[in-house]
Amino acid sequence: MQMHDDIVYLDHFASFLKRCHFSKDFAATAADTATIIGQYPLLQHIAIAIGALDASRKGSDRAFGKLGSAQQTAFRAYGRSIQDLHTAISTVGPVFREGVFWSTFFHGLFELMAENSGNSFVNHMVYGTSKMLFMLKPTISLPLATKSLIDAFWILEINRAILYGDIAILPDNPQRLHMPRGKSILLAGLINDTKYHRLFDTIEGVPEELRSIDPTLDALALEGLEIKERLLTWQGECHFEASETSPVDSFTQLSVTVHRALLLYHCNNFTFYSCWMTRLIPRLNRSEVNQHVSEILDLSERLLSDTHIPAVLLLFPLRMAGVHVSGFHGQEKVLGAVCKIRQQGFVVSDTIEVDLKEFWQYRLGQPIEMNEVQL
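Take the sequence shown: its position 138, counting from 1, is numbered 489 in my numbering, and each next residue is one higher.
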């Protein structure tokens, strides 16, 4: 009976991955995942864990005698997989191992599905997957499936860093570690740059009475304007007009959604402080803000309903839309989209929901409950 259940859960795992198009290459190689799982026994338990957790949320959470429910099976398999991973890591030196790389990534993916704070996901990404990836030597030849997984990792890592206010772990030479070269990813990396990330620390480090004349803040303002200009240049170069013969693909829609969120994020970081005096800084007027929020919500709805883009990649755009949205109706739309992310398997969205409700209550004195949202 257990072998039959394992096969069912592995099928759920394969189906789940086919609905997670982190990149075009990842989507194209999803069918090769079964081969990878068979090639590395280390991945067996974590694949079952993800598949069982997915099954438990699709009405397949039935009891299997002494084995318990699908959800219980998921966490039991996850525990075994963690033990397998620790054993594998402890038995080899600091070298890149393909099976360990896949395993750490899948453990992070499981945590996005199972744990709402995102803390365990961060641990796997920062201390597991990235550490293993940085051991990769340029001379090592990798199969396409693993290269596509590296794509998926970088996309998740950039999203993680910006969403959690952290610094992304980026290589000095992006090509050496197969980092995607898509413009939206590069722009996100630019905004997440270490020097820019310390914007608040830099301002706080200048005595308030000296901020109007401090040259460090002059340089920050100029840098902020340059980054905004690069964001606007990308917007001008991105061809987003669809036609019946040439519809806009889902990855372009995601890039545009992230781009709008980056503009909001970037300008909001500067306008948070009132120390700029007569300096020019990146700003958006209310009309521009409303337009970006509207586009984020419309595109997110489309991506969540009609594509296989992983819903978790929309957490950052929706958080930015939520911070800038005006009116109760806009709040409802944001929370409705966040709720759909959870429905698609990523309970980490609960944290964003709580954050936004607290922010709205603080800013507007208008708490909102999820049961008020009509989907």
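Note that beta-carbon positions come from the ideal geometry of N, C-alpha and C, so glycine has one too.
6 Å CB neighbourhood of residue i in its chain, flanking five on each side removed
i      : result
Leu665 : Ser651
Ala425 : Ala400, Ala403, Leu404
Ile703 : Leu666, Arg670, Val689
Leu495 : Thr380
Ile387 : Ala496
Ser499 : Asp376, Phe377, Thr380
Lys691 : Leu655
Val663 : Leu463, Phe697
Contacting residues, own chain, Cβ-Cβ under 8 Å from residue i (five flanking each side not counted)
i      : result
Asp701 : Asn467, Arg693
Arg634 : Cys618, Phe621, Thr622
Leu576 : Leu631, Ile632, Pro633
Phe367 : Ile401, Gly402, Asp405, Gly696
His396 : Ala428, Tyr429, Arg431, Ser432, Asp435
Tyr391 : Glu449, Gly450, Trp453, Ser454
Glu559 : Cys626
Ala439 : Leu393, Arg448, Gly450, Val451, Ser454
For residue j and residue i, the rounded distance between their alpha carbons
i      : j      : result
His458 : Val446 : 19 Å
Met486 : Thr480 : 10 Å
Thr455 : Glu555 : 37 Å
Asp376 : Trp453 : 16 Å
Val698 : Asp405 : 12 Å
Leu361 : Leu507 : 23 Å
Lys369 : Ser656 : 15 Å
Glu389 : Ile501 : Here residue 389 is Gly; the residue named in the question, Glu, does not match the sequence. Straight-line Cα distance between these residues: approximately 19 Å.
Tyr515 : Phe472 : 12 Å
Gln434 : Lys409 : 28 Å
Arg562 : Val674 : 27 Å
Asp356 : Phe679 : 46 Å
Trp505 : Phe373 : 10 Å
Asn474 : Val607 : 29 Å
Leu571 : Asp565 : 10 Å
Ala593 : Pro661 : In this prediction, Ala593 has a pLDDT of 47, which is less than 50 and means its spatial position is unreliable; what the coordinates show is noted afterwards. One C-alpha to the other measures close to 22 Å.
Tyr616 : Arg653 : 22 Å
Met483 : Glu639 : 42 Å
Val443 : Val451 : 11 Å
Asn636 : Ala465 : 39 Å
Tyr624 : Gly687 : 31 Å
Thr658 : Asp569 : 44 Å
Cys626 : Leu605 : 34 Å
Ser629 : Gly587 : Ser is not the amino acid found at residue 629; the sequence shown has Thr there. For Thr629 and Gly587, the distance between alpha carbons rounds to 28 Å.
Asp337 : Lys684 : Here the chain has residues from 352 to 726 only, and residue 337 is not among them.
Ile578 : Glu449 : 36 Å
Ile358 : Arg714 : 50 Å
Ala382 : Cys371 : 12 Å
Glu574 : Val705 : 33 Å
Ala398 : Phe602 : 26 Å
Ala414 : His363 : Bear in mind that the predicted position of Ala414 carries a pLDDT of just 44, short of 50, making it too unreliable to give a figure here.
Ala503 : Ala672 : 24 Å
His437 : Gly469 : 21 Å
Cβ-based neighbour list, residue i, same chain, cut-off 7 Å, excluding 5 preceding and 5 following
i      : result
Thr567 : Thr553, Val557
Ala365 : Thr384, Ala385
Glu462 : Ser471, Phe472, His475
Ser441 : none
Ser407 : Ser420, Ala421, Gln422, Ala425
Leu550 : Leu571, Asn620
Leu348 : Nothing about residue 348 can be read from this structure; the chain reaches only from 352 to 726.
Residue i Cβ short of 7 Å to the ligand FMN heavy atom set
i      : result
His372 : Within the structure as shown, the ligand FMN is missing, as the structure has no ligands at all.
CB contact check: residue i to chain D, cutoff 8 Å
i      : result
Ser407 : Annotation note: the requested chain D is absent from the structure, which comprises a single protein chain.
Checklist entry - Do the stretch 578 to 589 and the stretch 501 to 521 touch if we need at least three Cβ pairs shorter than 8 Å? => result Verdict: no, contact absent.
Checklist entry - Are the stretch 667 to 677 and the stretch 605 to 616 touching by the rule of at least three beta carbon pairs closer than 8 Å? => result These segments touch.
Item to check | Sufficient close CB pairs (3 or more, under 8 Å) joining the stretch 475 to 492 to the stretch 638 to 650 | outcome: No: the two stretches stay apart, fewer than three of their Cβ pairs being nearer than 8 Å.
Checklist entry - Does the stretch 420 to 430 come close enough to the stretch 365 to 379 to have 3 or more Cβ pairs within less than 8 Å? => result Result no; under three Cβ-Cβ pairs closer than 8 Å.
Item to check | Those runs of the beta strand (DSSP E) which lie wholly inside the stretch 601 to 683 and span at least 3 residues | outcome: Entirely contained in the stretch 601 to 683, not one beta strand (DSSP E) run reaches 3 residues.
Item to check | 4 or more residues per run - each alpha helix (DSSP H) lying fully within the stretch 411 to 496 | outcome: As summarised for the stretch 411 to 496, the continuous alpha helix (DSSP H) elements at least 4 residues long and confined to that stretch are 421 to 441, 449 to 465, 470 to 475, 481 to 484, given in chain order.
Next on the checklist: Quick check on the DSSP output: what are the complete alpha helix (DSSP H) runs of length 4 or more inside the stretch 359 to 391, in order along the chain?
Outcome noted: 375 to 379, 384 to 390, all fully within the stretch 359 to 391.
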